[in-house]
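Trainee: Input: one structure, supplied below.
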């Protein structure tokens, strides 16, 4: 009788472990390019990643394997920098693609593994890094999950933007959406901000209408957009 109870207890424990394993395995997989930076994103914004099924309660994730190819050149040539247009201090990135934001004084440095690049301007340094290929909004289409780091040389300020963009097909371009940001300044505690992603992947017809408020000329101050820096000098560009 004691042996039967012992066997029943073992069977019960085994069932619990099996159910726990199934629960942990219920999340979605990601094709991770940079495991260290992807895991860092999960630690910084666990609720957002867990809500998409891309991390479990233990902050672990399911890696489906590294995708084929290198993404540095694709991001450089196909990704629009327009996700930075509404961010403070990034007016220098005017152009259809990052390639077209280069000025005569810009320098381009590709990552050694081909999965990112950096553009150094006189005032700041921008670095793009591919983290993973995911299906963020469950529409059966791949999305690029990237990190964009902007380091301002004056003020000792660094901003990390985590960006989603639909994976382009053919020669088309793609446009990014900031899902979260981290601002660092010296020894101060980093400022974390999760963005509203409710409209990601939705067409303009599906989005709520934009509220427009009329105003007469002279009622409110208007700030002119910054001018494009036209520095002189020879262009030095590296193939990436």
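In full-length UniProt numbering, the protein residues as written are 1 to 240.
We treat Cβ as the ideally placed atom computed from N, Cα and C, and that holds for glycine.
On a predicted model such as this, the values are computed, not experimentally measured, just so you know.
If you reduce the DSSP assignment to three classes, tell me which class residue 137 lands in.
Mentor: coil
Trainee: Could you compute how far the alpha carbon of residue 221 sits from the alpha carbon of residue 133?
Mentor: Summary for residue 221: the model assigns pLDDT 44, below 50, so the residue's position carries little reliability; its value from the coordinates is reported in the next sentence. So the two alpha carbons sit approximately 43 Å from each other.
Trainee: Exposed or buried, which one is residue 55 when buried takes at least 16 other CB atoms within 10 Å?
Mentor: buried
Trainee: Between the region 156-173 and the region 74-84, can you find at least three pairs of beta-carbon atoms closer than 8 Å?
Mentor: yes
Trainee: In the DSSP assignment, find the alpha helix (DSSP H) that holds residue 189 and state where it starts and stops.
Mentor: Unbroken run through residue 189: none, as it is neither H nor E.
Trainee: Which of the three DSSP states is assigned to residue 85 in this structure?
Mentor: coil
Trainee: With distance defined between alpha-carbon atoms, name the residue in 200, 197, 201, 177 nearest to residue 87.
Mentor: 177
Trainee: Is residue 179 buried or exposed, if buried means 16 or more other CB atoms sit within 10 Å of its CB?
Mentor: buried
Trainee: What residue range is occupied by the uninterrupted alpha helix (DSSP H) comprising residue 38?
Mentor: 35-44
Trainee: Exposed or buried, what is residue 99 when buried is set at 16 or more other beta-carbons lying within 10 Å of its beta-carbon?
Mentor: In this structure residue 99 is buried. Its beta-carbon is surrounded by 16 or more other beta-carbon atoms within 10 angstroms.
Trainee: Judging by CA-CA distance, which residue of 153, 44, 48, 185 is the nearest neighbour of residue 198?
Mentor: 48
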